[in-house]
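In this note's numbering, the protein residues as written are 14 to 156.
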């Protein structure tokens, strides 16, 4: 409901003072979302995917490459940026989906099972990255 995937049946939900019912687009600009199942375009590279989502989030063109480098290094998948998503392992797809959710440093990120299919070393790196985001004052909701 908070992300707009489901309709609110009763009551109100606010994110940073914005009502989800009446201002869903504004709420969606302020949150990051990593669904349980990767919603990635297999024909794109990781870099192209991140460029697409940077643009959708309204990140300025001159700032896109910096965001891509920052998030890909944080999640340790910079070596996969120029590979097609269809050739990614399940764990690397989860990292890319998590990266999409964290792009632009949203104040709140919702991550649905972000470590599913991720190997133990990559899982530790992911938890470290999320801890870093928390230390920067971000909120992260996990399932």
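Where a beta carbon is used, it is the ideal one built from N, C-alpha and C, also for glycine.
Assigned exposure category for residue i - 16 Cβ within 10 Å defines buried
i           : result
residue 41  : buried
residue 23  : exposed
residue 101 : buried
residue 20  : exposed
residue 111 : buried
Reference residue i; option with closest CA among the options
i           : options           : result
residue 120 : 34, 44, 32, 131   : 44
residue 130 : 123, 116, 104, 93 : 104
residue 125 : 107, 101, 137     : 107
residue 15  : 122, 94, 50       : 122
residue 134 : 33, 18, 88        : 88
DSSP-derived helix/strand/coil call for residue i
i           : result
residue 130 : coil
residue 33  : coil
residue 45  : strand
residue 136 : helix
Per DSSP, cross-strand counterpart(s) of residue i
i           : result
residue 17  : Note: residue 17 sits in no beta bridge, so no partner.
residue 95  : Its beta-bridge partners do not exist; DSSP assigns none.
residue 58  : 97
residue 154 : 123
residue 40  : In DSSP, residue 40 forms no bridge with anything.
residue 28  : 31
8 Å CB neighbourhood of residue i in its chain, flanking five on each side removed
i          : result
residue 72 : 80, 116, 117
residue 56 : 97, 98, 99
residue 64 : 77, 81
Neighbourhood of residue i by C-beta, 7 Å cutoff - its chain only, sequence neighbours within 5 removed
i           : result
residue 143 : 153
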